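Enquirer: Encoded as structure tokens, here's the structure I'll be asking about.
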Amino acid sequence: MSSVAEAAAQALRLVAGADPKLLDIVLLSLRVSLTAVAISCIVGLPVGAAIAVSRFPGRRGVIVVLNALMGLPPVVVGLAVYLLLSRAGPLGALGLLFTPTAMVIAQTILITPIVAALSRQVVEDAWDEYREQLRSLGERRFGAALTLLWDLRFSLVTIVLAGFGRAAAEVGAVIIVGGNIDGVTRVMTTAIALETSKGDLPLALGLGMILLSIVLVLNAAAYVVKETAQRRYG
Amino acid sequence: MTSAVRAPRSLLPLRLEDLVFAVAGRRIIDGVSLTLEAGSRTVIIGPNGAGKSVLLRLCHGLLQPTSGNIVWNAPELPGEPRRQAMVFQRPVLLRRSVLANITYALAVAGVAAGPRQARAREALHKVGLDALAAHPARVLSGGEQQRVALARAWALHPEVLFLDEPAANLDPGATHEIERVVGAMHAAGTKIVMVTHNLGQARRLGDEILFLHQGRALERAPVDRFFKQPASAEAAQFVEGELPW
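Residue numbers (my numbering), protein chains in the order written: chain P, 22 to 255; chain V, 3 to 247.
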């Protein structure tokens, strides 16, 4: 028990002292996951909204597949991206394996379906309310999709956060395509996994605390934004 | 019409030819044929389930008829701005300011960015909401929201305005304000086609009554004649039953 308490105390010192090694890991984590979330939103939000307001053959099938993709196992995505980027793979020539870019690619694949599927649901619910009015004004489907995305911006914050939470917390994909190389591709989750297995609990615990705090603070911020916005805009 | 050669042709008259709209075999609109002319205010009344709202939506193009034709004198072309507008029972406003709701509609209608603001402000002025221009639209009262919806429709300068029980959920003051605006839009040259449940409103606002019953247009007459001497037994019964005492 005392070793845990000791580790926790040491972890707090690391966090409080802004240990440079720890800081590097945190910053890389944020860089990778935020980039992945940004790309996922640029792709996923319009795709989700477009599916929500469209009617085409096979639409149900697309929605089922999209929803299923939300549960993509990170290690499987990691493996697939690894195969794509490995020397012998189709994209091997790019030399991206074991770089932060590879990690961004893997996380983007992981969370784009989450953003698309959740935004599809939110936009489709709203579409029931808005459809007649927007069509009456002469809005075409793609324009309507964009209008809805903007009108639902405060609800979509939650979806973006869900995507970020998934990206920041997953370890399976980034450890395979990133390799957990010290100073290059080591992020919070892979570092925690490694340090724990090595028995270096203070660093693992310190990173764990930071990871939890980041997720907590972001969610609190999003909650406040959503609440104030809804009070103000209805 | 003998207007200038290049003048855009009017949407009206609108001819409905043996219009049928069926859902799961049930005919909501059951063979309606009539012509709506420019100018007069047509008020559609009838019991619940008569198909009033569906008829408006068919005319406005929000529903496709099962059979029959909707023939405009000069139809709107796909991709061109709409020349008709509709105000719904429950206004749907966007999460932006009152003014932005109207400029949005103008943008969709292809109005250049320059004149949008002025046109939107003018419309807001006509419904008496200048003071609320910067206010978020969705937190206004029901009556104010409906006036914003009317201003949005007005800003588009439609040739035809469809209204589906625009004052159904409003108190008398708000209802009066809505009626004033609809009257003003008519005076400015817009054809009014309105569904209402309120016979007093039908009398105040209508030039002619279209009585719908079980999906059929049973009777059409000038307001005075309709209320004094309904020609059909159904209409007589309806007027009798609905009159407030």
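Heads up, the beta-carbon is just placed ideally off N, CA and C, and yes, glycines get one too. All figures in this text were calculated on a predicted structure; none of them were measured in a lab.
Using a Cβ-Cβ cut-off of 8 Å, state whether V/L96 counts as contacting chain P.
Expert: yes
Enquirer: Residue ranges of each beta strand (DSSP E) run of no fewer than 3 residues wholly in the region 173-230 of chain V, ordered along the chain?
Expert: 193-197, 210-215 and 218-224
Enquirer: According to the Cβ coordinates, are V/A26 and V/I104 closer than 8 Å?
Expert: no
Enquirer: Residues in its own chain within less than 7 Å of P/L35 by CB, not counting five upstream and five downstream?
Expert: L43, P223, L224 and G227
Enquirer: Going by alpha carbons, who is nearest to P/G229 out of P/T56, P/E216, P/L239 and P/A241?
Expert: P/E216
Enquirer: Roughly how many angstroms separate the alpha carbons of P/L131 and P/L93, rounded to a whole number?
Expert: 7 Å
Enquirer: Which bits of chain P does V/A111 rub up against, with CB to CB less than 9 Å?
Expert: L158 and G159
Enquirer: Taking the C-alpha atoms as reference points, what is the distance between V/L212 and P/D172?
Expert: 38 Å
Enquirer: Can you find a C-beta in chain V that's less than 8 Å from the C-beta of P/G186?
Expert: Not an interface residue.
Enquirer: For P/E150, which residues in chain V fall below 8 Å Cβ to Cβ?
Expert: V94
Enquirer: Within the same chain, show all residues whose beta-carbon is closer than 8 Å to that of V/W247, passing over the 5 residues directly before and after it, in chain order.
Expert: Unreliable positioning characterises V/W247 in this predicted model, as indicated by a pLDDT of 44, which lies under 50. A coordinate reading is not provided.
Enquirer: So what does DSSP say about V/F90, is it helix, strand or coil?
Expert: coil
Enquirer: Looking at C-beta atoms only, is the number of pairs between the region 12-25 of chain V and the region 243-255 of chain P that lie closer than 8 Å three or more?
Expert: The region 12-25 of chain V, when compared against the region 243-255 of chain P, does not touch it at the 8 Å Cβ threshold.
Enquirer: Flag this pair as yes or no: are the beta carbons of P/Q154 and P/V53 separated by less than 8 Å?
Expert: no
Enquirer: Starting from the C-beta of P/M91, find all residues in its chain whose C-beta is less than 7 Å away, skip the five residues before and the five after it, and write them out in chain order.
Expert: P134, I135 and A138
Enquirer: Taking only beta-carbon atoms, is P/G164 less than 8 Å away from chain V?
Expert: yes
Enquirer: How many Å lie between V/E78 and V/R84 at the Cα?
Expert: 7 Å
Enquirer: Give the DSSP-derived three-state secondary structure of P/A28 in the structure shown.
Expert: helix
Enquirer: With a CB to CB cut of under 7 Å and the five nearest residues on each side skipped, what residues in its chain are close to V/P15?
Expert: T37, L38, E39, A40 and N75
Enquirer: Among all the DSSP beta bridges, which residues are the ones paired with V/E242?
Expert: Partner(s): none; V/E242 has no beta bridge.
Enquirer: According to the Cβ coordinates, are P/A147 and P/L169 closer than 8 Å?
Expert: yes
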